[in-house]
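S.K.: Structure incoming, see below.
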Amino acid sequence: MAKKTHHLHYFIEGLLKESNAHLLTMVPPDEKGDKPTPDEIRAYFQSLKDLGHIKFPFTPLCEGFSPITGCPGHDIPVADEE
Ligand SMILES: [Zn+2]
Numbered sequence: 005m006a007k008k009t010h011h012l013h014y015f016i017e018g019l020l021k022e023s024n025a026h027l028l029t030m031v032p033p034d035e036k037g038d039k040p041t042p043d044e045i046r047a048y049f050q051s052l053k054d055l056g057h058i059k060f061p062f063t064p065l066c067e068g069f070s071p072i073t074g075c076p077g078h079d080i081p082v083a084d085e086e
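Structure below.
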């Protein structure tokens, strides 16, 4: 029997209220080791919200993620049954 897994997501509304320190932990530095400022991160989420997005993926690996309904669910290989 096929099993499905769902990825977690953030709510953009909640991200906009996050502390500066927490926002910084969410964004990895680029190749040069630079990070955007909390204001820049917040502006990015605000721009997504302006587009009507509600959710933001917890992981970039979520294929088919919907900014409205979130993770579509993914089939996972059936592991050894207990
Ligand atoms: Zn997913």
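So for the sequence shown, our numbering puts the first residue at 5; every next one is plus one. Beta carbons are placed, not taken as given, at the ideal position from N, Cα and C, and that holds for glycine.
Any idea if residue 69 is buried or exposed, counting beta-carbon neighbours within 10 angstroms, 16 or more meaning buried?
M.R.: Label assigned to residue 69: buried.
S.K.: Identify which residue in 36, 23, 31 and 6 has its Cα closest to the Cα of residue 62.
M.R.: Checked all of 36, 23, 31 and 6; the closest Cα to residue 62 is 31.
S.K.: For the beta strand (DSSP E) holding residue 79, just list the boundary residues, first then last.
M.R.: Run containing residue 79: 78–80, per the beta strand (DSSP E) assignment.
S.K.: With distances taken between CB atoms, is the gap from residue 55 to residue 42 smaller than 8 Å?
M.R.: No; because the gap between Cβ atoms is not below 8 Å, this pair is not in contact.
S.K.: Anything with a beta carbon under 5 Å from a heavy atom of ligand 3 counts; list them all in chain order.
M.R.: This structure does not include ligand 3; its bound ligands are ligand 1.
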